[in-house]
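Number of protein chains: 2
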Amino acid sequence: MRKKDPEKQEAILHSAVRIFAHQGYHVAKMSKIAEDAGVAAGSLYLYFKNKESLLEEVIDATWEDMRRRYEHSIQAEGLSPAQKLVALIDIVFDLFMDDPDRAIIFVNEQHHLEQKGIVDFSTKKEMLLNLGAQVIQEGVSRGDFDPHIDIMIFKEFIFGGLHQVLNLWALQPEQVDLDKIRKALKPIILNSIAK
Amino acid sequence: MRKKDPEKQEAILHSAVRIFAHQGYHVAKMSKIAEDAGVAAGSLYLYFKNKESLLEEVIDATWEDMRRRYEHSIQAEGLSPAQKLVALIDIVFDLFMDDPDRAIIFVNEQHHLEQKGIVDFSTKKEMLLNLGAQVIQEGVSRGDFDPHIDIMIFKEFIFGGLHQVLNLWALQPEQVDLDKIRKALKPIILNSIAK
DNA sequence: CGCTAAAATGAACCACCATTCATTTTTCTC
DNA sequence: GAGAAAAATGAATGGTGGTTCATTTTAGCG
Chain E
1 MRKKDPEKQE AILHSAVRIF AHQGYHVAKM SKIAEDAGVA AGSLYLYFKN
51 KESLLEEVID ATWEDMRRRY EHSIQAEGLS PAQKLVALID IVFDLFMDDP
101 DRAIIFVNEQ HHLEQKGIVD FSTKKEMLLN LGAQVIQEGV SRGDFDPHID
151 IMIFKEFIFG GLHQVLNLWA LQPEQVDLDK IRKALKPIIL NSIAK
Chain D
1001 MRKKDPEKQE AILHSAVRIF AHQGYHVAKM SKIAEDAGVA AGSLYLYFKN
1051 KESLLEEVID ATWEDMRRRY EHSIQAEGLS PAQKLVALID IVFDLFMDDP
1101 DRAIIFVNEQ HHLEQKGIVD FSTKKEMLLN LGAQVIQEGV SRGDFDPHID
1151 IMIFKEFIFG GLHQVLNLWA LQPEQVDLDK IRKALKPIIL NSIAK
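Chains as they are written, first to last, in the numbering used here: chain E, 1 to 195; chain D, 1001 to 1195.
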């Protein structure tokens, strides 16, 4: 009577993360993931239902990670809206810093699951974006931020900008120090919303 | 002795644009493109070498369009750096306004060709981004823009932000007026770089 | 009007890849 | 140590979809 090997499951996930991040979901081959993990192709299906489940596992875990980071950072007392905005930015940077491959998959590949109607991340996304909206609204109320700002557009714009810059960095993380980028972007973002 | 029908070629391109934009390159099926264009699947290969050539045709045409728009707008005399920056933003907005599907393909799908080493758009991208860099450098020199700005990071950030917002708009163009978004974004961008 | 050559067709072909499964190996329990 | 059951294997299977091609149709030319 054998038991599944947790280390083997981790190896498969680790290989999947690397290959999904570098090649994209569609181009990534199950046979390559198996090879990279050092298991037979058939073994993948002992630990994961199918290719999509593999991707879902990675993304769900990152949503959970994201949620925990938010809880720890934004709830801190005594922060001004600008400091909260900076804290939100730091969450995204830290996500990329800690695991660039997972972060890349998180921002680039989850639409594959959504497109097939397998999962619906909109609730999670809404919650996350609402948090950002609250911060901006608070800043506007206190007179720290420009009251004419369109919060919806601003959120998407900042998200897209961070996405683009961090994506480029993740492709060649050794080229530019992430903290340098972080320092360069914070004033740009704070300026853009300043009153 | 028959001749190829230019209208048929346009129909195929038109269908390809719509389907590539809405489903993405990988998920898009040649059989669906043929069906949508009202031709047999085999006919596609009379007008285009293969699936990749179809995509390349769309993107090349959009690069050409982009180049022409740049020539017409940025070369205008008497513009301040801020006005030039605004003109660059307008080019991107106009591209999406005029043909959302083509614009979406242009920003989302060209990495498929690059990934396979079929084409190299880096020269074109460099030229485009250098133009933006020149505008920012001019603004810094004149004291209009923040001298501490990291031009490279700023460019990517703005591109990514515009990309994200315009992508969302293109998915549901009837939901929000594009000019409203344009008006909302311009001050955000100009503020972000202001001295 | 006849002939030629190219367009057009759409099923067949072929390659690819996710997933399955018959068989072997291994581990856990008694 | 034997037996049972699950892991593990990796080639086979089946499905998908890009591309080809044998045949038919059509249009352009003389």
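By construction, the Cβ of each residue, glycine as well, lies at the ideal position given by its N, Cα and C atoms. Just so we're clear, the structure is a prediction, and the values are computed from it rather than from any experiment.
- [ ] Over the uninterrupted alpha helix (DSSP H) stretch that includes valine 135 of chain E, give me the two end residues.
- [x] In the first sequence, residue 135 of chain E corresponds to position 135, counting from 1. 122 to 141 is the span of the alpha helix (DSSP H), which, as asked, contains valine 135 of chain E.
Open item on the list: Below 8 Å, how does it come out for the stretch 152 to 170 of chain E and the stretch 87 to 94 of chain E: are there three or more Cβ pairs, yes or no?
Closed with: yes
Open item on the list: According to DSSP, is alanine 21 of chain E part of a helix, a strand, or is it coil?
Closed with: Here residue 21 of chain E corresponds to residue number 21 of the first sequence, with the count starting at 1. Collapsing the DSSP output to three states places alanine 21 of chain E in a helix.
Task: Near-chain E residues of the stretch 1038 to 1070 of chain D (beta-carbon distance less than 9 Å), N- to C-terminal order - done: none
Open item on the list: Is it buried or exposed, glutamine 1175 of chain D, if we count other Cβ atoms within 10 angstroms and call 16 or more buried?
Closed with: As a first step, residue 1175 of chain D must be located in the second sequence, where it is residue number 175. Exposed is the call here.
Open item on the list: Do alanine 1016 of chain D and leucine 1054 of chain D count as a contact pair if the criterion is CB distance below 8 Å?
Closed with: Counted from its first residue, the second sequence places residue 1054 of chain D at position 54. Counted from its first residue, the second sequence places residue 1016 of chain D at position 16. Yes, the pair counts as a contact, with Cβ atoms nearer than the cut-off.
- [ ] Taking all protein chains shown into account, decide if leucine 185 of chain E is buried (16 or more other Cβ within 10 angstroms of its Cβ) or exposed.
- [x] One-based indexing of the first sequence puts residue 185 of chain E at position 185. Under this definition leucine 185 of chain E is a buried residue.
TODO: May I ask you to report which of helix, strand or coil DSSP gives phenylalanine 1157 of chain D?
DONE: Your numbering for residue 1157 of chain D matches position 157 in the second sequence. In the structure shown, phenylalanine 1157 of chain D sits in a helix (DSSP, three-state: H, G or I).
Task: Short-range partners of chain E found in the stretch 1130 to 1154 of chain D, where Cβ spacing is below 9 Å - done: Asp1146, His1148, Ile1149, Asp1150, Met1152, Ile1153, Phe1154
- [ ] Identify every run of the alpha helix (DSSP H) within the stretch 1042 to 1083 of chain D, keeping only runs that are complete inside it and at least 4 residues long; order them along the chain.
- [x] 1051 to 1074
Open item on the list: Going by the DSSP bridge assignment, what does phenylalanine 1145 of chain D pair with across the sheet?
Closed with: Locating residue 1145 of chain D in the second sequence gives position 145, where the first residue counts as 1. D:Ala1194.
Task: 9 Å Cβ cut-off: residues of chain E touching valine 943 of chain D - done: Past the edges of chain D, shown from 1001 to 1195, lies residue 943 of chain D, and the structure says nothing about it.
TODO: With a threshold of 16 other CB atoms inside 10 Å of the CB of isoleucine 153 of chain E, please say whether the residue is buried or exposed.
DONE: Within the first sequence, the letter at position 153 stands for residue 153 of chain E. When all chains shown are included, isoleucine 153 of chain E counts as buried.
Open item on the list: Is the beta carbon of valine 1165 of chain D closer than 8 Å to that of isoleucine 1105 of chain D?
Closed with: Taking the first residue of the second sequence as 1, we reach residue 1105 of chain D at position 105. Taking the first residue of the second sequence as 1, we reach residue 1165 of chain D at position 165. Result no, Cβ atoms of isoleucine 1105 of chain D and valine 1165 of chain D do not sit closer than 8 Å.
Open item on the list: If you reduce the DSSP assignment to three classes, tell me which class proline 100 of chain E lands in.
Closed with: Your numbering for residue 100 of chain E matches position 100 in the first sequence. In this structure, proline 100 of chain E counts as helix in the three-state DSSP scheme.
Task: Candidates D:Asp1098, D:Gln1110, D:Ser1192: closest to alanine 1170 of chain D by CA position - done: If you number the second sequence from 1, residue 1170 of chain D lands on position 170. Alanine 1170 of chain D has its Cα closest to that of D:Asp1098, out of D:Asp1098, D:Gln1110, D:Ser1192.
- [ ] Whole angstroms is fine: what's the gap from glutamate 114 of chain E's alpha carbon to glutamine 137 of chain E's?
- [x] For the purposes of this step, residue 114 of chain E is taken as residue 114 along the first sequence, with counting starting at 1. For the purposes of this step, residue 137 of chain E is taken as residue 137 along the first sequence, with counting starting at 1. Their backbone Cα atoms lie some 29 Å apart in a straight line.
Task: Proximal residues to alanine 110 of chain E (C-beta, below 7 Å), its chain only, five neighbours per side dropped - done: Taking the first sequence and counting its residues from 1, one reaches residue 110 of chain E at position 110. A small fix is needed here, since residue 110 of chain E is glutamine in this sequence, not alanine. Excluding residues up to 5 positions away in sequence, Ile59, Phe121 lie with their Cβ nearer than 7 Å to the Cβ of glutamine 110 of chain E in the same chain.
Open item on the list: When you compare the CB of histidine 72 of chain E with every CB in chain D, is at least one pair closer than 8 Å?
Closed with: Translated into positions along the first sequence, residue 72 of chain E becomes position 72. With 8 Å as the cut-off, histidine 72 of chain E does not count as an interface residue toward chain D.
- [ ] Decide yes or no for the touch test of the stretch 1074 to 1087 of chain D against the stretch 1122 to 1129 of chain D: beta carbon pairs closer than 8 Å, at least 3 of them.
- [x] no
- [ ] Put histidine 1026 of chain D into one of helix, strand or coil per three-state DSSP.
- [x] Taking the first residue of the second sequence as 1, we reach residue 1026 of chain D at position 26. Note: histidine 1026 of chain D maps to coil in three-state DSSP.
Open item on the list: Considering only their Cβ atoms, is the gap separating aspartate 101 of chain E from alanine 37 of chain E smaller than 8 Å?
Closed with: Mapped onto the first sequence, residue 37 of chain E falls at position 37. Mapped onto the first sequence, residue 101 of chain E falls at position 101. For alanine 37 of chain E and aspartate 101 of chain E, no; Cβs fall outside 8 Å.
- [ ] Give the residues of chain D in contact with glutamine 164 of chain E, contact being defined as C-beta atoms less than 7 Å apart.
- [x] For the purposes of this step, residue 164 of chain E is taken as residue 164 along the first sequence, with counting starting at 1. Listed by position along chain D, the residues whose Cβ is nearer than 7 Å to that of glutamine 164 of chain E are Glu1156, Phe1157, Phe1159, Gly1160, His1163.
Open item on the list: Using 8 Å as the threshold, is the C-beta distance between histidine 163 of chain E and valine 107 of chain E below it?
Closed with: The sequence position of residue 163 of chain E within the first sequence is 163, counting from 1. The sequence position of residue 107 of chain E within the first sequence is 107, counting from 1. Annotated as proximal: histidine 163 of chain E and valine 107 of chain E, with beta-carbon spacing under 8 Å.
- [ ] Could you tell me whether the Cβ of histidine 26 of chain E comes closer than 8 Å to any Cβ of chain D?
- [x] Here residue 26 of chain E corresponds to residue number 26 of the first sequence, with the count starting at 1. So yes, histidine 26 of chain E belongs to the interface.
- [ ] Classify lysine 1084 of chain D as buried or exposed, calling it buried when 16 or more other Cβ atoms lie within 10 Å of its own Cβ.
- [x] Position 84 of the second sequence holds residue 1084 of chain D. That one is buried.
TODO: Report buried or exposed for alanine 1041 of chain D, applying the criterion of at least 16 other Cβ atoms within 10 angstroms of its Cβ.
DONE: Position 41 of the second sequence, counting from 1, holds the residue named residue 1041 of chain D. Alanine 1041 of chain D is exposed by the Cβ-count criterion.
Task: Inter-residue spacing [alpha-carbon to alpha-carbon] between serine 1043 of chain D and isoleucine 151 of chain E - done: Numbered from 1 along the second sequence, position 43 holds the residue referred to as residue 1043 of chain D. Numbered from 1 along the first sequence, position 151 holds the residue referred to as residue 151 of chain E. Near 49 Å, if we compare the C-alpha coordinates of isoleucine 151 of chain E and serine 1043 of chain D.
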